[in-house]
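Below is one structure, written out as structure tokens; comments come after it.
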């Protein structure tokens, strides 16, 4: 029996657009419903594809091009990673990953993906999931909001985090990323600097909203972090723009597919808890959902490794949360030299191995 496949995609973010691209490649033209006015209608920010987090894939740009026909133009590749703790620092070199641009910019990943599409995008959409379910044979939930998933099914929330960031002007190596592991700057969290160009970069701190951290003076944390970045880079950096995100949910959906409804991106649980990046998994969930609809795979089976990666990443986060600044000093100093470069440039997935070891210790199921 032949029936007409009609696919509705709720959300024009990375996962929804990746799904649409893959459907089009297989002869299915979906309709995309976006509640905002344009693609990428959010604050501009920089993110990274870090190869140590995507193994066995070490080059995500060629991976998506050669395997799925999706073209990504990064801001730059990452050659150097500088990691700072309270009293130590390390430098790691190699083919470490790529920098990407997100949000309200014509070169953002969202806008890059939209230019690879022919599908209709309905902006300022008020359509509900229930309405689309009656009109379309398949619905992709790609709203980017875990809270939306929790209306439909159980969403297993692991933690919420607060983020604060700024665009800064100075002199930067556009191929070098910096990270800070220091509980005085970001309790049980992290800070990072990602360059946009040789004159502009973005700095961010992120930390969990645990009891005891919630009530901390966030303005003082931010001031301390900003001063530390200036000290580490030996520059007086000028802030040109700022953003805040409060209570951002990190978690994993209970079921990737319910009937002919697929949960992708943040609605699936693509943000990896360890360092908070999730672009790689987000794009894959969109692709995998499309392949299932096209009869080329089983979504639950295809996303199984992503679910395991999430759990390993959560175990790593819980493990590093146990470290005080003295132990973070030891950790960072241990990454200096050949050990760190072997860890980051090896073909082996040491984070998967480390996460698997830590799961029973941290009671991560």
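Residue numbers (mature numbering (1 follows the signal peptide of the UniProt record, and there is no 0)): -20 to -1, 1 to 345. Glycine included, each C-beta is placed from N, C-alpha and C at the ideal position.
Among 254, 239 and 152, which one has its Cα closest to the Cα of residue 375?
Limits of the chain in this structure are -20 at one end and 345 at the other, which puts residue 375 out of reach.
Indicate whether the contact test is met: 3 or more Cβ pairs, each with one atom in the region 286 to 295 and one in the region 269 to 277, closer than 8 Å.
Flag = no, the region 286 to 295 and the region 269 to 277 do not touch.
Tell me where the alpha helix (DSSP H) around residue 313 begins and ends.
Note, residue 313: alpha helix (DSSP H), 305 to 314.
Run through DSSP, which three-state label would residue -20 get?
Interpretation of residue -20 is limited by its pLDDT of 47, a score under 50 that renders its predicted location unreliable; the figure taken from the coordinates is listed afterwards. If DSSP states are grouped into helix, strand and coil, residue -20 belongs with coil.
Distance, Cα to Cα, residue 300 vs residue 118?
About 40 Å.
Short of 6 Å in beta carbon distance, which residues of its chain neighbour residue 251, apart from the five on each side in sequence? Order them along the chain.
The residues are 230 and 258.
For the region 185 to 264, list the alpha helix (DSSP H) runs that are entirely contained and at least 4 residues long, ordered along the chain.
Entirely contained in the region 185 to 264, the alpha helix (DSSP H) runs reaching 4 residues are, in chain order, 198 to 213.
Cutting at 7 Å between CB atoms, please list the residues of its own chain near residue 249, excluding the five before and the five after it.
Excluding positions up to five away in sequence, the list reads 231, 232, 233 and 290.
Take the Cβ of residue 292 as the centre, count every other Cβ of all protein chains shown within 10 Å, and call the residue buried at 16 or more, exposed below.
Label assigned to residue 292: buried.
Assigned exposure category for residue 134 - 16 Cβ within 10 Å defines buried:
When all chains shown are included, residue 134 counts as exposed.
Going straight from the alpha carbon of residue 302 to that of residue 317, what length do you get?
For residue 302 and residue 317, the distance between alpha carbons rounds to 25 Å.
Is it buried or exposed for residue 340, if we count other Cβ within 10 angstroms and need 16 for buried?
Flag for residue 340 reads exposed.
By a C-beta neighbour count over all protein chains shown, 10 Å radius and 16 as the cutoff for buried, is residue 127 buried or exposed?
The C-beta of residue 127 has fewer than 16 other C-beta atoms within 10 Å across all chains shown, which makes the residue exposed.
Same chain, Cβ closer than 8 Å to residue 263, neighbours up to 5 away in sequence not counted
Closer than 8 Å at Cβ, skipping near neighbours: -7, -6, -3, 44 and 50.
Separation of residue 337 from residue 344, as counted between CA atoms
Spanning the alpha carbons of residue 344 and residue 337 requires a straight line of approximately 10 Å.
Does the structure place the region 101 to 109 close enough to the region 148 to 164 that three or more beta carbon pairs sit under 8 Å?
Below 8 Å, too few C-beta pairs join the region 148 to 164 and the region 101 to 109 to call them touching: fewer than three.
Which residues does DSSP pair with residue 157 in a beta bridge?
DSSP, once it has assigned bridges, lists 61 as partnering residue 157.
According to DSSP, is residue 320 part of a helix, a strand, or is it coil?
In the displayed model, residue 320 falls within a helix according to three-state DSSP.
Delimiting residues of the alpha helix (DSSP H) encompassing residue 67
Careful: residue 67 lies outside any alpha helix (DSSP H) and carries neither H nor E.
Between the beta-carbon of residue 23 and the beta-carbon of residue 83, is there less than 8 Å?
It is a contact, given that the beta carbons lie within the stated cut-off.
Give me, in chain order, the residues of the same chain whose beta-carbon lies closer than 7 Å to that of residue 268; leave out the 5 immediate sequence neighbours on both sides.
Closer than 7 Å at Cβ, skipping near neighbours: 277, 279, 282 and 283.
Residue range of the alpha helix (DSSP H) that includes residue 340
Taken as a continuous stretch (DSSP letters only), the alpha helix (DSSP H) holding residue 340 covers 330 to 342.
Contact set for residue 330: own chain, Cβ-Cβ below 7 Å, skip 5 residues either direction
Answer for residue 330: 323, listed in chain order.
Residue 42 (DSSP reduced to helix, strand or coil)
It is helical.
With DSSP as the reference, label residue 280 as helix, strand or coil.
Looking at residue 280 - three-state DSSP - the assignment turns out to be helix.
Chain-order list of residues whose beta-carbon lies under 7 Å from that of residue 367 (same chain, five-residue window excluded):
The first residue shown for the chain is -20 and the last is 345, placing residue 367 beyond what the model contains.
Hey, how far is the Cα of residue -20 from the Cα of residue 116?
Low confidence applies to residue -20: its pLDDT is 47, below 50, so where it sits in the model is not reliable, and the reading given next is rough at best. Distance between the alpha carbons of residue -20 and residue 116 is about 18 Å.
Secondary structure at residue 105, three-state DSSP: helix, strand or coil?
Residue 105 falls in the coil class under three-state DSSP.
Simplified DSSP assignment, three categories, for residue 91:
Per DSSP, reduced to three states, the secondary structure at residue 91 is helical.
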